[in-house]
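Everything on this sheet refers to the single structure shown next.
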DNA sequence: TCGAGGAACATTGTTGACAATTGACAATGC
DNA sequence: GCATTGTCAATTGTCAACAATGTTCCTCGA
């Protein structure tokens, strides 16, 4: 996985995974002191991590009261999010077709293999992780990865309802379809597959 | 202005204004200890504020090294940002045309008056503040303001180059054009004016 | 001259203690 | 009975000291 040097990142990664995999349901409050004991560290890095996740949209904070896991976005908001993700990821794919760097294809192929396996298994956290990694690879490929920080909070908000509304194997085939179109150098087909995949 | 109860927010607001108004140029490093002395408080709230602004895209952080004011987005990234802002704000305006709540028009009119005045003056910080407030009103009007947290970081990244590339009075007239179309209940015209305004 | 090592410094990361705020509930007055 | 006020526990906000890390610059040897 990722080896974060500082505690703040470790805590944030851990909590992020627990939220996205559905282990922490919307509305669940997170107490700084409780988490500090749980992780065996002080409240400082916990605070930083919670602030991090709040800005990513996974938590909502009320001053002097605390944070809790954010609710799924409303239908209206989710619809906007879908369009934003499409815009970002489509731009990234179009940018890739300018260079057609084979390194990215290699990474996507590797991810696909792992993803297929994970979708068959039972570790939902792993599935989420790989799904996210797939799209992250796409976004990172464009313009030196400058879009990632823009894309991540949008992506995360959408994944708040990941666990409960997904046919995993179908999702895998959609990923595979995108990569196939990229291999075949069919830009329009790749963009169309992406658009149909993000809903 | 806004009266934040906690120091963290006060510091964040203050620094945000200084960055957006161009007093703090891209690349400028911000030291926790220096700011703590400057504000007369300890490093704790400063840390929180810097983390805040980092997640908003105004600062970039390197672990164990510190933060500095972010650079303007690349041409490629800026183009994506433009499309994202259009998507969000257009959605918000379309949502308003479902209800046509006159309260929003009143607020926009008030903002326009202040904005016109500020564009004539010399306080660039004030101009930025009011320009941002205008668009924030639009976004807040839709779906109980659920889009604001999505919109803000996108907006802020775009405003990193605000000070150096704007004809203020023209900007005012564009705002006025949008509001005029809303008063006249011409949705298409409002959306078109918005699209032309966000570039 | 140039690069490797390393000491000194500046800066961020972490910690535990204390202060301020909140929300719930009991006591009070009408 | 009902609103108001006081009190208390839980929680976040703030602080100052200490630890760990990164940077700078100097020395030393080839």
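Protein chains in written order, with the numbering used here: chain G, 42 to 240; chain Y, 42 to 240. Just so it is clear, CB atoms sit at the ideal spot from N, CA and C, and this is done for glycine as well. Since this is a predicted model, take the numbers as computed values, not measurements.
- Residue 218 of chain G: member of the alpha helix (DSSP H) spanning 209-224, first to last residue.
- Proximity of chain G to residue 115 of chain Y at the Cβ level (cut-off 9 Å) is accounted for by 184, 185, 187, in chain order.
- Secondary structure note for residue 100 of chain Y: its beta strand (DSSP E) is the uninterrupted segment 100-103.
- Secondary structure of residue 67 of chain Y (DSSP, three-state): coil.
- A distance of 8 Å or more separates the beta carbons of residue 65 of chain Y and residue 106 of chain Y.
- Chain order gives no chain G residues near residue 141 of chain Y, where near means a beta carbon separation below 7 Å; the closest approach is about 17 Å.
- In this model, residue 73 of chain G and residue 49 of chain Y are separated by some 17 Å (Cα to Cα).
- In this structure, the alpha-carbon of residue 90 of chain Y lies about 6 Å from that of residue 52 of chain Y.
- Per DSSP, reduced to three states, the secondary structure at residue 110 of chain Y is strand.
- Residue 128 of chain Y belongs to the set of residues whose beta carbon lies under 8 Å from a beta carbon in chain G.
- Under the 8 Å criterion on CB atoms, residue 67 of chain G is classed as non-interfacial with respect to chain Y.
- With a threshold of 16 other beta carbon atoms within 10 Å, residue 132 of chain G meets it and is buried.
- The straight-line gap separating the alpha-carbon atoms of residue 63 of chain G and residue 163 of chain G is approximately 13 Å.
- Boundaries of the alpha helix (DSSP H) around residue 238 of chain Y: 228-238.
- When C-alpha distances from residue 117 of chain Y are compared across G/183, G/208, G/58, the shortest belongs to G/183.
- Cβ atoms of residue 169 of chain G and residue 200 of chain G come within 8 Å of each other, at about 7 Å.
- Counting only the Cα atoms, residue 160 of chain Y lies some 11 Å from residue 166 of chain Y.
- The Cβ neighbour count for residue 96 of chain Y, taken over all protein chains shown within 10 Å, is at least 16; the residue is labelled buried.
- The beta carbons of residue 173 of chain G and residue 210 of chain G sit no closer together than 8 Å.
- Contact note: residue 89 of chain G reaches chain Y through 88, 89, 92, using a C-beta cutoff of 9 Å and chain order.
- Note that the stretch 77-92 of chain G does not touch the stretch 222-238 of chain G; fewer than 3 beta-carbon pairs, one per stretch, sit closer than 8 Å.
- In the same chain as residue 130 of chain Y, and ignoring 5 residues on each side of it, the C-beta atoms closer than 8 Å to its own belong to 176, 179, 180, 192, 235, 239, in chain order.
- What residue 70 of chain Y touches in chain G, judged by beta-carbon distance under 9 Å, is nothing: the nearest beta carbon there is about 19 Å away.
- With a 10 Å radius around the Cβ and a threshold of 16 neighbouring Cβ atoms, residue 78 of chain Y comes out exposed.
- Flagged as an interface residue toward chain Y: residue 124 of chain G, by a C-beta distance shorter than 8 Å.
- Judged by DSSP secondary structure, residue 157 of chain G falls within the alpha helix (DSSP H) whose first and last residues are 143-161.
- Residue 61 of chain G and residue 156 of chain G do not touch by the CB rule: their CB atoms are close to 15 Å apart, not below 8 Å.
- For residue 132 of chain G, the C-beta contacts it makes with chain Y under 7 Å involve 121, in order along the chain.
- Against chain G, the beta carbon of residue 195 of chain Y has neighbours under 8 Å at 191, listed in chain order.
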